[in-house]
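Keeping their order, the protein sequence lines are chains A and B.
Take any residue in the first sequence, note its place counting from 1, add 86, and you have its number in the working numbering.
Take any residue in the second sequence, note its place counting from 1, add 850, and you have its number in the working numbering.
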Amino acid sequence: MTAASGDSRLAADRIRAFELAGSAEELVLATRRLIACDDPLATVPHLVQVLGFNNPGAAVAAVDGLIALGPAAVGPLLANLDAHNYGARAWAVRALAGIGDIRGLDVLEDALATDVGPSVRRAAARGLGALRLESLSVEERQQVRERCLAGLESGLGDGEWVVRYAVAVGLEGLALPLPPGHPHSDRAEASLGQLLDPEREDTLVVRLRAGVALKRVNAR
Amino acid sequence: MAGNGEPISEAEALEQLRQTDDQSGQYYAAWWLGRMRSRHPEAVPLLLAALRQRQPRDVGAGVEHNAVARNAARALGKIADGRAVSELLVVLDDADDGLREAAARALGELRAVEAVPLLTRRLASGPDVAGANRSDSPRLQEPCEALLEALGAIGVAEPDVLAVIEPFTGHGRPLVRSAACRALLQLTGETAWADELLQLLQHPQLQVRRAALMDLGAVGWRPALEPIRRTLAENSLKLIALRGLVENGSGSASGSETGSDDEAVLMAMDALL
């Protein structure tokens, strides 16, 4: 109890320091200190706020902090998604992709399909292969995986190599936990086969990544 | 209105490039054909015609024609059709340095050995003349970075070529130093030039760190993996640099086989997505 109130006081002090940060460097430092004080309820809203400040150093620190906090960060992230602040949205998608909470599924699907920024689409593609499904029933897992797979399959036609690269990573992540012969695994492998084919995929590094993914899936 | 960057088909792009009334349409069409690496039989002849559309340099007026010609030169480099070489060599002596820059890069992409004497001649006066600041713009007398990069890409490692490049490693501008080290590393494989580039990854200016990332990627210098990971720059650029390490690296696999070196770079890329 004493420890908890000590932490809260620490968090309050650091939030004040954060609000007073005057320069870009101070903000990065203040963000790192906020993350270190392990009080999600108090700090998450401020970390989410940092994503909209157009300070990449601080945003990287905030995304890492939000990913480390995990599911506790998802509600505030979703509640504060800013459709008009492009940069903030990109960082929020990265955080949601890193956390892997299924509440982020709608946002990840939408981002991969429609976002104008390749950096957002690539984060979303990776995220669609990294959702944590353990707590769901078998039927729910099937439904969520079906949506992830459909999104990744559409991403095969993305015009940017880095997004197709991330699709390969996403497909690997989706297929690895499945038993060989599972219909979703078969579909993921078929898509990886497409990314491996020089006739259909012109970027060497994408083909190489798809090859590594298939090797791992086959070795499972 | 194609000039506003809306998606067009290959047929529309060719049509837009063929007409000469709407130059913004031509400009976009030339870019589009290069970006799509069009293999249409009319693409190269039309781009060459657009390249010949260039005008004598007239400071402060009529740059629009040369904007089309610049994009045509860039597209010809991307399409990498040998028929473009002779016309690009002529452009390398154009009075418009922006056009010379685009032609040099295109000739580099085309690996045009014929361009080496001209490229070295334009740089031969060294950092103090070819590399001197202009009084009328922030540009240099010659588009040094593009000329140096082209020499590195073409790959003729003759002593007279190296002797022309080396003095530029002491140029006052870090971006020129970076281009010179990149070319020398490509031509000689000597570690000393890589060390210079690794130093530039820690330069206080982001623009310089970005250039050094691109240069190390273009060379495919595998030992740069860790320094690239640690560089303070956007993940997007680090991903491009690491792609270069995989695709251009010495000992890099061709086809779909990957070695453990490749896999280490790929895992570093995964972490940046």
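Ideal Cβ placement from N, Cα and C applies to all residues, glycine included.
Minimum Cβ-Cβ distance from residue i to chain A less than 9 Å
i: B:V1096; result: yes
i: B:L1065; result: In the sequence under discussion, the amino acid at residue 1065 of chain B is Asp, which differs from the Leu named in the question. False, the Cβ-Cβ gap to chain A never drops below 9 Å.
i: B:G1101; result: Caution is warranted here: a pLDDT of 38 is assigned to B:G1101, below 50, making its placement in the model unreliable, and the coordinate value is therefore given only provisionally. It does not: the Cβ of B:G1101 has no partner Cβ on chain A nearer than 9 Å.
i: B:D1112; result: yes
i: B:R924; result: no
i: B:L1116; result: yes
i: B:L1123; result: yes
i: B:D1120; result: yes
i: B:N916; result: no
i: B:S1086; result: yes
i: B:L883; result: no
i: B:R1093; result: yes
i: B:L1075; result: no
i: B:L1082; result: yes
i: B:L969; result: no
i: B:L1089; result: yes
Any C-beta of chain B under 9 Å from that of residue i
i: A:R295; result: yes
i: A:Y172; result: no
i: A:P263; result: no
i: A:V291; result: yes
i: A:W247; result: yes
i: A:A181; result: no
i: A:R312; result: No answer is possible for residue 312 of chain A: the residues shown for chain A start at 87 and end at 306.
i: A:A154; result: no
i: A:R218; result: no
i: A:V255; result: yes
i: A:V160; result: no
i: A:V138; result: In the sequence as displayed, the identity of residue 138 of chain A is Gly instead of Val. No, because no Cβ of chain B sits closer than 9 Å to the Cβ of A:G138.
i: A:S205; result: yes
i: A:V298; result: yes
i: A:R273; result: no
i: A:G190; result: no
i: A:G241; result: no
i: A:P142; result: yes
i: A:R118; result: no
Same chain, Cβ closer than 6 Å to residue i, five either side skipped, listed in chain order
i: A:R231; result: H270
i: A:T117; result: V136, A144, A147 and A148
i: B:D947; result: P993
i: A:A217; result: For the record, residue 217 of chain A in the displayed sequence is Leu; it is not Ala. Around A:L217: G186 and I188.
i: A:A224; result: A quick correction: the sequence has Val, not Ala, at residue 224 of chain A. Hits under 6 Å: none found.
i: A:G151; result: I121 and L133
i: A:D201; result: R207
Host alpha helix (DSSP H) of residue i (start-end)
i: B:W882; result: Q873 to R885
i: A:G156; result: Unbroken run through A:G156: none, as it is neither H nor E.
i: A:H270; result: P269 to L282
i: B:C994; result: C994 to I1004
i: A:S205; result: P204 to L214
i: A:A252; result: W247 to A261
i: B:Q1049; result: T1041 to L1050
i: A:Q229; result: V224 to G241
i: A:L264; result: No alpha helix (DSSP H) contains A:L264, which DSSP labels as neither H nor E.
i: B:N1098; result: N1085 to N1098
i: A:I188; result: That residue, A:I188, is in no alpha helix (DSSP H); it is neither H nor E in DSSP.
i: B:S1110; result: S1110 to D1120
i: B:R1080; result: L1075 to R1080
i: B:Q1036; result: P1024 to T1038
i: B:I1015; result: P1009 to I1015
i: A:A296; result: L290 to N304
Cβ-based neighbour list, residue i, same chain, cut-off 7 Å, excluding 5 preceding and 5 following
i: A:E112; result: none
i: B:R1060; result: A1083 and L1087
i: B:D944; result: R904 and R950
i: A:V248; result: P204 and R208
i: B:L1123; result: none
i: A:D168; result: G138, A174 and R175
i: B:G976; result: P1017
i: B:L990; result: G981, A982, N983 and R984
Proximal residues to residue i (C-beta, below 8 Å), its chain only, five neighbours per side dropped
i: A:V253; result: A211, L238, G241, L242, D244, S277 and L281
i: B:I1090; result: L1063, M1064 and G1067
i: A:I101; result: L120, A128, T129 and H132
Next on the checklist: Quick check on the DSSP output: what are the complete alpha helix (DSSP H) runs of length 4 or more inside the region 894–978 of chain B, in order along the chain?
Outcome noted: 914–929, 935–941, 947–959 and 966–973
Item to check | Contact between the region 174–188 of chain A and the region 133–142 of chain A (3+ Cβ pairs under 8 Å) | outcome: yes
Next on the checklist: Would you call the region 933–942 of chain B in contact with the region 960–969 of chain B, where contact means no fewer than 3 C-beta pairs closer than 8 Å?
Outcome noted: yes
Checklist entry - Is the region 924–934 of chain B close to the region 963–976 of chain B, with three or more CB pairs under 8 Å? => result no
Item to check | Whole runs of the alpha helix (DSSP H) within the region 91–128 of chain A, excluding any shorter than 4 residues | outcome: 110–122
Next on the checklist: Using 8 Å as the cut-off, can you tell me whether the region 293–302 of chain A makes contact with the region 858–872 of chain B, which would need three or more C-beta pairs spanning the two stretches below that distance?
Outcome noted: no
Checklist entry - Three or more C-beta pairs closer than 8 Å, one from the region 991–1008 of chain B and one from the region 1030–1039 of chain B: is that the case here? => result yes
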